[in-house]
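Asks: In my numbering, the protein residues as written are 23 to 272.
The C-beta atom is built at its ideal place from N, Cα and C for all residues, glycine as well.
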């Protein structure tokens, strides 16, 4: 979503790819697809190439289990990445921005990390972000929640990711259906189905938990302090168990 917002704000052509859209069982096909992707990005510049789960495509080279085809893909990516940098320096109006997203930054190849000059940690949403996300997700759903109840749900979802909150709202939306059970066949329209209430969110909070454990969050913050481009986390809303962590002076 962040990459799409960047592309929309900059009025750029947006290319979104994953490992499955590049890899191929045919020898040389993946490298050809990689070259085609970067050629199209240069032709449609200014453009943005977004690579989701980039660690599945560009892990560290040299492992015993690494396939030759995987090594060739990484080499082709590095060559094309350097080619984009050279072409954009000569023509500032033909910029190509490459954005990668990963949950395993330590798995990326060192040569890949060097080429990504900005490494930014996207933290879990803070209280205000969770409240806004809850209101946005529920605005088209029949619900009887008050502002105070939305604030309470936002408070109870500390350490939840955006995906977790989305799953929470989906589960809560099914609450009235679960309450009706077999009696739902007697309802002729959705208007007769009861509203989503705080009771359903309380039930869903017991079913949908935060997906990222505290130790993994700590790992991300530690990695960000060592290698991140923005390493002052003093303004980030850390989970309670991490707020006491001493941060280095900047």
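#1: Give the secondary structure of residue 38 by DSSP, where H, G and I count as helix, E and B as strand, and everything else as coil.
#2: From what residue to what residue does the beta strand (DSSP E) around residue 122 run?
#3: Can you tell me whether residue 218 is helix, strand or coil according to DSSP?
#4: Would you mind reading off the limits of the beta strand (DSSP E) that contains residue 233?
#5: So residue 157 and residue 179 are in contact, right, with Cβ under 8 angstroms, and what is the actual spacing, rounded?
#6: Tell me the rounded alpha-carbon separation between residue 31 and residue 68.
#7: Following the continuous beta strand (DSSP E) through residue 73, name the residue where it begins and the one where it ends.
#8: Leaving out five residues before and five after residue 80 in sequence, what residues of the same chain have Cβ atoms less than 7 angstroms from its Cβ?
#9: Judging by CA-CA distance, which residue of 225, 39 and 204 is the nearest neighbour of residue 58?
#10: Within its chain, find whatever has a CB closer than 6 angstroms to the CB of residue 25; leave out the 5 residues flanking it on each side and keep chain order.
#11: Check for me: the alpha helix (DSSP H) holding residue 174 runs from which residue to which?
#12: Where does residue 45 fall in DSSP's three states?
#13: Flag this pair as yes or no: are the beta carbons of residue 29 and residue 75 separated by less than 9 angstroms?
#14: I'd like the span of the alpha helix (DSSP H) that includes residue 137, first residue to last.
#15: Could you spell out where the alpha helix (DSSP H) holding residue 197 opens and where it closes?
#16: Less than 9 angstroms separating the beta-carbons of residue 160 and residue 218?
#17: What would DSSP say about residue 165, mapped onto helix, strand or coil?
#18: Taking C-beta to C-beta, are residue 42 and residue 55 nearer than 9 angstroms?
#19: With contact counted as at least three CB pairs below 8 angstroms, one residue from each stretch, are the stretch 197-206 and the stretch 241-251 in contact?
#20: Measure the alpha-carbon distance for residue 268 versus residue 145 and round it to whole angstroms.
#21: Check for me: the alpha helix (DSSP H) holding residue 58 runs from which residue to which?
#22: Taking the alpha-carbon of residue 167 as reference, which of 191, 185 and 234 has the nearest alpha-carbon?
Replies: Checking against the coordinates, here is how it stands:
#1: Residue 38 sits at position 16 when you count from the first residue of the chain shown. Three-state result, residue 38: strand.
#2: Start at 1 with the first residue of the chain shown, and residue 122 comes out as number 100. 118-122 is the span of the beta strand (DSSP E), which, as asked, contains residue 122.
#3: Here the question's residue 218 lines up with position 196 in the chain shown. DSSP places residue 218 in strand when its eight states are reduced to three.
#4: On the chain shown, residue 233 is found 211 positions in, with the first residue counted as 1. No beta strand (DSSP E) contains residue 233, which DSSP labels as neither H nor E.
#5: Counted from its first residue, the chain shown places residue 157 at position 135. Counted from its first residue, the chain shown places residue 179 at position 157. About 13 angstroms separates the two Cβ atoms, so there is no contact after all.
#6: The count along the chain shown starts at 1 and reaches residue 31 at position 9. The count along the chain shown starts at 1 and reaches residue 68 at position 46. Roughly 12 angstroms separates the two Cα atoms.
#7: As a first step, residue 73 must be located in the chain shown, where it is residue number 51. Taken as a continuous stretch (DSSP letters only), the beta strand (DSSP E) holding residue 73 covers 69-73.
#8: In the chain shown, residue 80 corresponds to position 58, counting from 1. So the qualifying residues of the chain are 96, 99, 130, 131 and 134.
#9: Position 36 of the chain shown, counting from 1, holds the residue named residue 58. Among 225, 39 and 204, the Cα nearest to that of residue 58 belongs to 39.
#10: The residue given as residue 25 occupies position 3 in the chain shown. The residues are 72 and 121.
#11: Indexing the chain shown from 1 puts residue 174 at position 152. Segment 169-178, the alpha helix (DSSP H) holding residue 174.
#12: Working through the chain shown from its first residue, we reach residue 45 at position 23. Here residue 45 sits in coil by DSSP.
#13: Counted from its first residue, the chain shown places residue 29 at position 7. Counted from its first residue, the chain shown places residue 75 at position 53. No, the Cβ-Cβ distance between residue 29 and residue 75 is not below 9 angstroms.
#14: As a position in the chain shown, residue 137 is number 115, starting the count at 1. 132-137 is the extent of the alpha helix (DSSP H) around residue 137.
#15: Looking up residue 197 in the chain shown gives position 175. 197-202 is the span of the alpha helix (DSSP H), which, as asked, contains residue 197.
#16: Position 138 of the chain shown, counting from 1, holds the residue named residue 160. Position 196 of the chain shown, counting from 1, holds the residue named residue 218. The answer is yes: Cβ separation under 9 angstroms.
#17: Locating residue 165 in the chain shown gives position 143, where the first residue counts as 1. Three-state DSSP puts residue 165 in a strand.
#18: Position 20 of the chain shown, counted from the first residue, corresponds to residue 42. Position 33 of the chain shown, counted from the first residue, corresponds to residue 55. Not in contact: residue 42 and residue 55 (Cβ atoms no closer than 9 angstroms).
#19: no
#20: Along the chain shown, one-based indexing puts residue 268 at 246. Along the chain shown, one-based indexing puts residue 145 at 123. Below a pLDDT of 50, predicted positions are generally treated as unreliable, and residue 268, at 38, falls in that range; the measurement from the model is reported next regardless. Rounded to the nearest angstrom, the two C-alpha atoms are 17 angstroms apart.
#21: Numbered from 1 along the chain shown, position 36 holds the residue referred to as residue 58. Boundaries of the alpha helix (DSSP H) around residue 58: 51-65.
#22: Along the chain shown, read from residue 1 onward, the residue named residue 167 stands at position 145. Comparing alpha carbon positions, the residue from 191, 185 and 234 closest to residue 167 is 191.
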